[in-house]
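Numbering (our numbering), first residue to last: 976 to 1214.
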């Protein structure tokens, strides 16, 4: 029953589900239906005006210009058009390369953060004799992961974490205090605090677990930092 409820909760209340389903067997459906970029472009006033002016110019040129006029115009604009096409291809390739580089860095950071959580699960199971303490550390770190991605998506995942038993009612109340730091930072701090106060965990094990938690923080928060640092404005102006 718990698995069914968790699955239903994930599909109905998960704010992190991607808007694009990468189905390699249906590329056209994936590109035109699951994404929203084409819908946004089609609704852009600049795009509508540009297409209208282009169609109007085609109709007028067909009605007004003679075949000789068309040949003369073609002879004049052939070289400039080829030059512009070359420059456009270069800038477009550069733009796509930078976009993919940022995506790859974000993906790598996300996978590293998730890997550190898995490592942490192995470490607390092997190194922390107190099972309740081990579960608390994992619970708080998974709550921190939820809250971090929720903050990244502009969604407060505190209630979601409470429903999934990652946060207690007391935890939620403390996270909602005014003037508190970011929720995911607090949860990670609580996990480290519980670990630091444990008397039955050997110091070198504490250091190993501490390293996993800090590496999770470094990798996971890098994604939001990259989003807050977009490509320079002149780069978009060139495009």
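The beta-carbon is built from N, C-alpha and C at its ideal position, and this holds for glycine as well.
- [ ] Starting from residue 1045, trace the alpha helix (DSSP H) both ways and give me its first and last residue.
- [x] Looking at the DSSP string, the run of the alpha helix (DSSP H) that includes residue 1045 is 1042 to 1102.
- [ ] Grab the span of the alpha helix (DSSP H) containing residue 1172 for me, first residue to last.
- [x] In the DSSP assignment, residue 1172 falls within the alpha helix (DSSP H) that extends over 1158 to 1172.
Task: Minimum C-alpha distance to residue 1101 - residue among 1176, 1150, 1090, 1077 - done: The shortest C-alpha separation from residue 1101 is found at 1176.
Open item on the list: I'd like to confirm something about residue 1052: is its beta-carbon nearer than 6 Å to some heavy atom of the ligand ZN, or not?
Closed with: The ligand ZN is not among the ligands present in this structure, which contains no ligands whatsoever.
TODO: Given a cut-off of 7 Å, decide if residue 1141 and residue 1117 are closer than it, judged by their beta-carbon atoms.
DONE: It is a contact, given that the beta carbons lie within the stated cut-off.
TODO: Could you work out which residue in 1148, 1106, 1097, 1128 is closest to residue 1188 when comparing CA atoms only?
DONE: That would be 1097, whose Cα lies nearest to the Cα of residue 1188.
- [ ] Please determine if the segment 1186 to 1205 and the segment 1058 to 1068 are in contact, where contact requires at least 3 C-beta pairs separated by less than 8 Å.
- [x] No contact exists between the segment 1186 to 1205 and the segment 1058 to 1068.
- [ ] Would you be able to state if there are at least three C-beta pairs under 8 Å between the segment 1102 to 1116 and the segment 1075 to 1087?
- [x] Counting Cβ pairs under 8 Å, fewer than three are found: no touch.
TODO: Could you check the C-alpha separation between residue 1042 and residue 1051 for me, to the nearest Å?
DONE: Taking the straight line joining both Cα atoms gives about 14 Å.
Open item on the list: Going by DSSP, what residue range makes up the alpha helix (DSSP H) through residue 1155?
Closed with: Neither: residue 1155 is in no alpha helix (DSSP H) and is coded neither H nor E.
Open item on the list: So residue 1185 and residue 1167 are supposed to be a Cβ contact under 8 Å. How far apart are they, rounded?
Closed with: The pair is a contact, with the Cβ atoms about 6 Å apart (cut-off 8 Å).
Task: Close Cβ partners of residue 963 (< 7 Å) along its chain, the five nearest in sequence each way excluded - done: As displayed, the chain neither begins before 976 nor continues past 1214, which places residue 963 out of reach and without an answer.
Open item on the list: Taking its Cβ as the centre, do 16 or more other Cβ atoms sit within 10 Å of residue 1112, making it buried, or is it exposed?
Closed with: Of the residues assessed, residue 1112 falls on the buried side of the cut-off, its CB having 16 or more other CB atoms within 10 angstroms.
Task: residue 1024 classed as buried or exposed, judged by whether at least 16 other C-beta atoms fall within 10 angstroms - done: Exposed, since its Cβ has fewer than 16 Cβ neighbours within 10 Å.
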